[in-house]
Structures are given as C-alpha cells and as structure tokens.
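**Q**
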C-alpha cells in the first residue's frame, strides 16, 4: 500500500486542510485565545482543530495519507467529494447531538471537535473499497494486510474521547457509506472550476519544492517496433557479425525482451482504485505486472 511520492504535489486541498488543522489545533491546545471567540471562529475551530495531542497525531497522519485520492481523482473531484460527504456528515452529527441532548440533557450529545467526519468519510467511501492490499503478513497466527495500519489508526482516533469522538466519527462513516452508494445522485456534484483553480494557485504554491522527475512511458507503434527489430538484427548483441548459422550476434545472442502481459487480476485491482483500464494495463506492462510499482507510475 503506497500513497505515492512524499509531499503534497498534486494535492493542494489536502495541504490546505492539513495546514489549517495543525495550526488551529496548536493554537486551541495552547489556549492562546482566552476570550470567547466569535461564532465563525468557533465554527472553524470545531471543524479543523483537534483538542488533544493524540487526536492530532493520528488525525493528521490519516489526512496526509488520504491525499492519494486527490492525486488519483484530481482536486476538482476530491474537493466535490469532501464538500458533499462532510456537509452530510455534519448534518448527521447535528441531528445526533440534538437527539442525545433531548434524551439525556444539555451537553450529552456534544460531538468531538476536529475533522473527524472528513477522515471517516474517506475511510468508508474510499479506503475500504478502492485501496487494495499490497502486502500480507501474520501476527500471532492472525493473517493481516498492510491496510491494518490504517484501520488501527482509525480505531484509535474513533475511541480517543468517547462518546464525543464516536458521534463525530460515526457521522463520517455513515456519510461516506451514503456517498459510495450514490444516494440522491450525490456523486454527480462538482465544485466550480474557479474554486479548485484558486486553491491550486494559492495553497498549491505553499511549501512546494521542485517537482520530481517524471517518467513517461510511450508505447511504440508497429512501424517503430519493426524498425527497432531490424536495427537489432543488423547490429546484433555480439559485435554485429553473423556467426553460428548466420544468426546475428552468435549463439549467445538472445531475443529481444518482451513486455510482460498484465494479469486480469492486477488490472482489476487498479481499475477498482479508479484508474483507466488501458492506462492500468500499460503501467503493469512497464512494471512487470507488479501492482505496487504500476501504482507509482500512475500516481
């Protein structure tokens, strides 16, 4: 399981969310603002700021990992998902708070502050179904995959401050499941291009280093393949002189290596993650049918 190259290249929305979460959480936990903050500030800190260091540690790590979906889908689609799923999650959270307070009194249903709904909506809608396991191992006789680390971090965050964290995380899980089921066609919603362009041109430039060297794989045409084979036959691998029955390069000359045909199972794994089938097949050919290496090429 791999989220691609380190950093935030190709993920400006995730960068903005993580910077906002880290900054607001540090300020809130340090209690720098002692006066009662305005309503808008309190609303923003409720959405972004974790109240405990442990929640900040696990929450920030999960937010950073989920940048792989923004890289895979693009900022427009990922931002649209966050807008719909989080809007629904906070509505469910408010409904749960109202129901619990009506039953148990004021304060009984207060949900935890921080981007719990965002994180758990990503878990339910995307991570569970779209990210295939890459490695398998056994711990005390239990067979596990590398996805277990994300599940364990999510459970730790969900149980960090019950029942408040359970209410917030449960709202995110339910919202993510409803989004994946495409209830009311919510997957069709898209943010305006001007919004994502503004985010990319502002937050996308913050803390951005030089871009990595891009590897481009181009499939040669039939004519180019034939020309390449003719050059190999003329030059040979053993000095260019025909030996041993007139074969170029002598008996030690080997046939030109052929690309490995991708297995249908490997192609399907990448397709389930949202990649185009032809692009997935080409990446697997270049990676020798290695799903993890192909994922690096695609990302």
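Residue numbers (the UniProt record's numbering): 1 to 299. Beta carbons are placed, not taken as given, at the ideal position from N, Cα and C, and that holds for glycine.
For the region 170-189 against the region 120-137, do three or more pairs of beta-carbon atoms, one drawn from each stretch, fall closer than 8 angstroms, so that the two count as touching?
**A** Yes: the two stretches touch, three or more of their Cβ pairs being nearer than 8 angstroms.
**Q** Have a look at residue 251 and residue 265 and give me their C-alpha separation to the nearest angstrom.
**A** At residue 251 the pLDDT is 43, less than 50, meaning the model places this residue with poor confidence; the figure from the coordinates comes in the next sentence. Roughly 38 angstroms between the two C-alpha positions.
**Q** Pull up the DSSP beta-bridge partners for residue 143, would you.
**A** In DSSP, residue 143 forms a bridge with 138.
**Q** Can you tell me where the alpha helix (DSSP H) holding residue 12 begins and where it ends?
**A** Where residue 12 is concerned, the enclosing alpha helix (DSSP H) stretches over 12-30.
**Q** By a C-beta neighbour count over all protein chains shown, 10 Å radius and 16 as the cutoff for buried, is residue 176 buried or exposed?
**A** So residue 176 ends up on the buried side.
**Q** How many whole angstroms separate the CB atoms of residue 62 and residue 154, which I take to be in contact at a CB cut-off of 8 angstroms?
**A** The pair is a contact, with the Cβ atoms about 7 angstroms apart (cut-off 8 angstroms).
**Q** Just confirm the distance between the C-beta atoms of residue 267 and residue 287, as a whole number of angstroms; I'd bet it's less than 8 angstroms.
**A** Contact doesn't hold; Cβ gap of about 12 angstroms is too wide.
**Q** Measuring only the C-alpha atoms, how far is residue 277 from residue 140?
**A** In a straight line, the C-alpha of residue 277 is about 38 angstroms away from that of residue 140.
**Q** For residue 25 versus residue 8, is the C-beta distance shorter than 7 angstroms?
**A** No, these two residues do not count as a Cβ contact at 7 angstroms.
**Q** To the nearest whole angstrom, what separates the beta carbons of residue 79 and residue 13, a pair I think is in contact under 8 angstroms?
**A** Right, their Cβ atoms sit about 5 angstroms apart.
**Q** Quick one: what does DSSP say residue 193 is sitting in, helix, strand or coil?
**A** Residue 193 falls in the helix class under three-state DSSP.
**Q** Find the nearest neighbour of residue 124 within the set 104, 85, 95, judged by alpha-carbon distance.
**A** Minimum Cα distance to residue 124 is reached at 85.
**Q** Can you tell me which of the three DSSP states residue 51 falls into?
**A** Coil.
**Q** Excluding the 5 residues preceding and the 5 following residue 183 in the sequence, name in chain order all residues of the same chain whose CB lies nearer than 8 angstroms to its CB.
**A** Counting only Cβ-Cβ distances below 8 angstroms, and skipping sequence neighbours, we find nothing.
**Q** What are the uninterrupted segments assigned as alpha helix (DSSP H) that are 4 or more residues long and contained completely in the region 74-122, given in chain order?
**A** Counting whole runs of 4 or more residues, the region 74-122 contains the alpha helix (DSSP H) stretches 75-104, 116-122.
**Q** Take the Cβ of residue 74 as the centre, count every other Cβ of all protein chains shown within 10 Å, and call the residue buried at 16 or more, exposed below.
**A** It is exposed - the Cβ of residue 74 has fewer than 16 other Cβ atoms within 10 Å.
**Q** With distance defined between alpha-carbon atoms, name the residue in 162, 111, 160, 71 nearest to residue 168.
**A** Comparing Cα positions, the closest option is 111.
**Q** Quick check on residue 15: buried or exposed, where buried means 16 or more other Cβ atoms within 10 Å of its Cβ?
**A** Its Cβ being crowded by 16 or more others within 10 Å, residue 15 is buried.
**Q** According to DSSP, is residue 278 part of a helix, a strand, or is it coil?
**A** Here residue 278 sits in helix by DSSP.
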